[in-house]
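*Asks:* Attaching a single structure in structure tokens format; questions to follow.
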Amino acid sequence: MKILYIFSVFVFLFFSCHHSYAQGDRGSRFGLQVSYGSPYYIPSYADGAPSYDGKFFFDIGFLFLKPISNKWGFETGLVYSNNQFKVTPNFPPGTPNPSYISSMNQWIIPANFRLYLPNRFLLQFGPNLSQASRESFGLFRLGFSLGFGKEFKLGDKNALLIVPTFNANPFFPTNTEGMTQLGIRSIFAFPSKK
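Numbering (my numbering), first residue to last: -8 to 185.
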């Protein structure tokens, strides 16, 4: 719960201390995120543990994107992540060893900074909070995200951001199970005001 409190204070102070700067022709925007890629599961135990083979992950979320300056932006929001794995139990030799498909779903709250480079390329990085969807609310863990991509204009006001991204959820604390994701993050951004 402490991590959620510190993270919330950070996001609140960030928005309180920064005025909305025009970033080219962009002001504050909303975004719809869809991501797809490959997950990797990191169990908190090793001996006798089943093996997890990542099949795919699919994210969908709603974001708020805010310019900080001409070159910097910030995003936060709520993302639902569905991660599919083929699980093979570790049974003694000679016994049937049937594998099965399991899903691990998370809620993720990103706090990404975005550095805009020439020709609308961008570098995105920042912390995030992740929580397994099956846990009680408030059991957030700290992770991070890193990506490099490009923003494409779609008319005068809308844009599409394509960002190959690496996520680690959670990265801290290290004594708990976690998950990494490598995939393509797509954000359809539209203005918050007409």
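Built from N, CA and C at the ideal position, the CB exists for glycine as well.
Residue 70 and residue 30: beta carbons closer than 8 Å?
*Replies:* The answer is no: Cβ separation not under 8 Å.
*Asks:* Regarding residue 55 and the ligand NAD, is the C-beta to nearest heavy atom distance less than 7 Å?
*Replies:* Of ligands this structure carries none, so the ligand NAD is not represented either.
*Asks:* Report the rounded CA-to-CA distance for residue 88 versus residue 41, giving the unit in angstroms.
*Replies:* C-alpha separation (whole angstroms): 10 Å.
*Asks:* Would you call residue 65 buried or exposed, if buried means 16 or more other Cβ atoms sit within 10 Å of its Cβ?
*Replies:* Buried is the call here.
*Asks:* Could you spell out the range, first to last residue, of the beta strand (DSSP E) harbouring residue 142?
*Replies:* Element bounds for residue 142: 132 to 145.
*Asks:* Which parts of the stretch 48 to 95 are runs of the beta strand (DSSP E), unbroken and 3 residues or longer, counting only runs that do not cross its ends?
*Replies:* Counting only runs of 3 or more, we get 63 to 79.
*Asks:* Please check if any C-beta of chain C sits within less than 8 Å of the C-beta of residue 112.
*Replies:* Structure shown: chain C not included; a single protein chain is present.
*Asks:* Going by C-alpha distance, which of 85, 111 and 121 is nearest residue 140?
*Replies:* Closest by alpha carbon: 111.
*Asks:* Using a Cβ-Cβ cutoff of less than 7 Å, which residues in the same chain neighbour residue 78 once the five nearest sequence positions on both sides are dropped?
*Replies:* So the list reads 41, 43, 90, 91 and 93, once near-sequence residues are dropped.
*Asks:* Confirm, please, whether the CB-CB distance from residue 142 to residue 152 is below 8 Å.
*Replies:* Contact: yes.
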